[in-house]
Each structure stands twice: as C-alpha cells, then as structure tokens.
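A.B. asks: Mapping of the sequence shown onto this note's numbering: position 52 corresponds to residue 73, and the numbering continues sequentially without gaps.
Cβ atoms here follow ideal geometry from the backbone N, Cα and C, with glycine treated the same way.
Everything numeric in this text was worked out from a predicted model, so none of it was measured.
Take this structure first; my questions come after.
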Amino acid sequence: PLDVVMFKPLSTAYSTKLSTYLYKSQRIILVKKGDFFPLFQKAWITSFKWWSCILATKEGERG
22 PLDVVMFKPL STAYSTKLST YLYKSQRIIL VKKGDFFPLF QKAWITSFKW
72 WSCILATKEG ERG
C-alpha cells in the first residue's frame, strides 16, 4: 500500500517537476546534483499529504 498510495504519486510528481524544469530550460541546462533536492522537495510537498498517510495505513491493515 505505501508503494501505491505514497510513492507512486511522489514518482509522478517528481517526473512532472523534472519535465517542467527541462522544458523551461529548453533542455540547454543539464540537471546537476544540486538541482535534485529542490525538484524533489517540490514533488514531496505536492504528493505527501496527511490524508495519504492515513489512507496508506488503512490499506495496509486490510491486507
């Protein structure tokens, strides 16, 4: 359940943030190590919500 409820939305959000970053830079700027955290942080904030944690826990209890 965590992989579905929590990490799939995170993966999707990160891919979206990365694609937007590359689009805005017209793919001229390479993605560097220092670019990872700001992009990841935005994706994390977008995808991890308190209700997602509760939903993941309830899904796990159902088995």
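Rounded to whole angstroms, how far is the Cβ of Y44 from the Cβ of F61, which I believe are closer than 8 Å?
C.D. replies: To locate residue 44, count along the sequence shown from 1; it is residue 23. To locate residue 61, count along the sequence shown from 1; it is residue 40. Between F61 and Y44 the Cβ distance is about 18 Å, and since that is not below 8 Å, they are no contact.
A.B. asks: What is the residue span of the alpha helix (DSSP H) that I66 lies within?
C.D. replies: Locating residue 66 in the sequence shown gives position 45, where the first residue counts as 1. First-last of the alpha helix (DSSP H) with I66: K54 to S68.
A.B. asks: Taking 8 Å as the threshold (C-beta atoms), are L39 and F69 in contact?
C.D. replies: If you number the sequence shown from 1, residue 69 lands on position 48. If you number the sequence shown from 1, residue 39 lands on position 18. Contact flag unset, no.
A.B. asks: Pick helix, strand or coil for S73, following the three-state DSSP scheme.
C.D. replies: Sequence index remark: in the sequence shown, residue 73 carries index 52 (1-based). Three-state DSSP puts S73 in a helix.
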